[in-house]
Amino acid sequence: MELRALWHGPALATLSWSAATIAAYLCARAVHRRWRRASPPPLVTSSLALLAAAIVLHTSYHEYILATGWLLILLGPATVAFAVPIFEHRALIVRHWAALALGMVAGSLTSMVSAWALATLLGVDEQLRLSLLARSLSTPFAMEVSNTIGGAADLTALFVIATGLVGATLGELMLACLPIRSALARGALLGLGAHGMGTAKAHEVGGEEGTIAGLTMVLTGLLNVLAAPLIGAYARLL
Amino acid sequence: MFSRRLGIRVPSLLEGSLLLQILLVVGLWLGADGFVHITGLPVPGGLVGLIAALALLASRRLSVRSLRRGSQFFIGHMVLFFLPAVLAVLDHRELMSVLGCKVLLVIVAGTAAVMVVTALVVDLCTRAKGVR
Chain A
16 MELRALWHGP
26 ALATLSWSAA
36 TIAAYLCARA
46 VHRRWRRASP
56 PPLVTSSLAL
66 LAAAIVLHTS
76 YHEYILATGW
86 LLILLGPATV
96 AFAVPIFEHR
106 ALIVRHWAAL
116 ALGMVAGSLT
126 SMVSAWALAT
136 LLGVDEQLRL
146 SLLARSLSTP
156 FAMEVSNTIG
166 GAADLTALFV
176 IATGLVGATL
186 GELMLACLPI
196 RSALARGALL
206 GLGAHGMGTA
216 KAHEVGGEEG
226 TIAGLTMVLT
236 GLLNVLAAPL
246 IGAYARLL
Chain B
-10 MFSRRLGIRV
0 PSLLEGSLLL
10 QILLVVGLWL
20 GADGFVHITG
30 LPVPGGLVGL
40 IAALALLASR
50 RLSVRSLRRG
60 SQFFIGHMVL
70 FFLPAVLAVL
80 DHRELMSVLG
90 CKVLLVIVAG
100 TAAVMVVTAL
110 VVDLCTRAKG
120 VR
């Protein structure tokens, strides 16, 4: 009884769930590095392990996120960190700013229109539909946009992750199938389609691809945050 | 003389230490986030921090080497920072049904569309530029 109370104490819960989360991540990453092709992405294995632990220990999402929310907050500094690759490849960006800008606008529009149209076609309700709109953005931006347009931010965070997982796999397929010539287009495809996880994949493909993916991810996030009030107003009209 | 020596030692200390660089990235973000809270700007603090970091790099107030390792740390471990959000599934068991399959279908088809459109637009633009 007392042991259980201790387990649920905020300090100990924070310590133990944070340690469990980091350990699950490190193990999953080590396994993935050892058997690259044959194993699922680290995010899948580690989150399944944590889900199992939370269900067995009867921990709710509320309790879990209270303990590990600080990790999610570190996505903020991670966004700041993109300054370095962007700065290092500034010449490339200056040279191709028009192509990148067009690609980002076209990609963002496709993302929202396709989500809205498909969800309507399949009879998904409005709250879910609105939460799906921002799914292609990086988490901090997606949650901001979702709040503005009237979606549920925690659902959006889930869809963002699903998009990242789907997109990282799909992106590899696309790169193999589509007749793309430029590193620029390869990077934009991954950055817009699969945000952070696409960017990680793009860094595996090449330095230029990785930079463009990171840049398009961040700038598309900015574009959407700025356009969010407009999108929200329009979505309510539909 | 003294100030010059200090000016050399502080950056080299920063350039050699991953921990200090991590703290610098976090510090930049904290400052930017505070700024966003005070001014009520409708953008995430991370974005303002990114712009501030770019400005510092561009104006040579900060060398790339004093930020590179810290930056690689955060970008390389981004999956860990996403991880806690996955457990939101616990609160949305309704997604463990047909509805979840529908949502997944929207995500797969939508993401494929985004990728094809983006890659085509960017590739055509760069080709057009190459021809000119």
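One line per chain: the protein sequences are A and B, in this order. Sequential numbering from 16 applies to the first sequence in this note's numbering. Sequential numbering from -10 applies to the second sequence in this note's numbering. By construction, the Cβ of each residue, glycine as well, lies at the ideal position given by its N, Cα and C atoms. None of these values were measured; they are calculated from a predicted model.
Local conformation of residue i per DSSP, three classes
i        : result
A:Phe97  : coil
A:Ile195 : coil
A:Ala130 : helix
B:Arg50  : coil
A:Arg105 : helix
B:Met104 : helix
A:Asp140 : coil
A:Met119 : helix
A:Ala167 : coil
A:Ser146 : helix
B:Ser6   : coil
A:Met212 : helix
A:Met189 : helix
A:Ser54  : coil
B:His26  : helix
A:His111 : coil
B:His81  : coil
B:Ser86  : coil
Cα-Cα separation between residue i and residue j, rounded to whole angstroms
i        : j        : result
B:Gly99  : A:Thr125 : 8 Å
B:Gln61  : B:Leu113 : 32 Å
B:Gly89  : A:Leu148 : 16 Å
A:Leu137 : A:His104 : 42 Å
A:His47  : A:Ala64  : 15 Å
B:Val25  : A:Asn239 : 17 Å
B:Leu46  : A:Arg110 : 19 Å
A:Ala26  : A:Phe102 : 40 Å
A:Pro92  : A:Ala39  : 22 Å
B:Thr115 : B:Leu2   : 42 Å
A:Leu133 : B:Val95  : 6 Å
A:Ala242 : A:Asp140 : 23 Å
A:Ser75  : A:Gly208 : 31 Å
A:Val160 : A:Gly118 : 20 Å
A:Ser54  : A:Ala43  : 9 Å
B:Val120 : A:Leu107 : Bear in mind that a pLDDT of 47 at B:Val120, under 50, signals an unreliable position, so the number given afterwards is only what the model happens to contain. The alpha-carbon atoms of B:Val120 and A:Leu107 are separated by roughly 18 Å.
B:Met104 : A:Leu230 : 16 Å
Environment of residue i [buried if 16+ CB atoms lie within 10 Å]
i        : result
A:Met50  : Rather than Met, the amino acid found at residue 50 of chain A in this sequence is Trp. Exposed, by the Cβ-count rule.
B:Leu8   : exposed
B:Val106 : buried
A:Ser61  : buried
A:His218 : buried
A:Lys216 : buried
A:Ala113 : exposed
A:Arg196 : exposed
B:Ile64  : buried
A:Glu224 : buried
A:Pro194 : exposed
A:Ala69  : buried
A:His210 : buried
B:Arg49  : exposed
Beta-carbon neighbours of residue i, restricted to chain B and to distances below 8 Å
i        : result
A:Ile176 : Phe71, Ala74, Val75
A:Val240 : Pro31, Val32, Pro33, Leu36
A:Ser62  : Leu72, Val75, Leu76
A:Ala181 : Sequence check: residue 181 of chain A is Val here, not Ala. Simply Leu93, Ile96, Val97, Thr100.
A:Ile108 : Chain B residues near A:Ile108: none, gap ~11 Å exceeds 8 Å.
Limits of the alpha helix (DSSP H) - the one that residue i falls within
i        : result
B:Pro31  : That residue, B:Pro31, is in no alpha helix (DSSP H); it is neither H nor E in DSSP.
A:Leu152 : Careful: A:Leu152 lies outside any alpha helix (DSSP H) and carries neither H nor E.
A:Thr77  : Checking the displayed sequence, the identity of residue 77 of chain A turns out to be His instead of Thr. Note, A:His77: alpha helix (DSSP H), 76 to 88.
A:Val240 : 222 to 252
A:Arg63  : Per the sequence shown, the amino acid found at residue 63 of chain A is Leu instead of Arg. Looking at the DSSP string, the run of the alpha helix (DSSP H) that includes A:Leu63 is 57 to 71.
A:Ser31  : 25 to 49
B:Gly59  : 57 to 65
Chain B contact residues for residue i, given Cβ-Cβ distances below 7 Å
i        : result
A:Val99  : Val53, Leu56, Arg57, Ser60
A:Ile195 : Ala108, Asp112
A:Leu170 : His81
Closer than 7 Å at the beta carbon, the chain A residues around residue i
i        : result
B:Leu39  : Thr94, Val95, Phe97, Ala98, Val233
B:His26  : Per Cβ cutoff of 7 Å: no residues; B:His26 is ~12 Å from chain A at best.
B:Met104 : Leu185, Gly186, Met189, Leu204, Gly208
B:Leu17  : Val95
9 Å Cβ cut-off: residues of chain B touching residue i
i        : result
A:Arg150 : Val95, Ile96, Gly99, Thr100
A:Val139 : Leu88, Lys91, Val92, Val95
A:Leu115 : Val111, Cys114
Per-residue contacts from residue i into chain A (C-beta, under 8 Å)
i       : result
B:Leu8  : Per Cβ cutoff of 8 Å: no residues; B:Leu8 is ~14 Å from chain A at best.
B:Leu43 : Ala98, Ile101, Phe102
Contacts that residue i makes with chain C (C-beta to C-beta distance below 8 Å)
i        : result
A:Glu223 : Here the protein chains are A and B, and chain C is not one of them.
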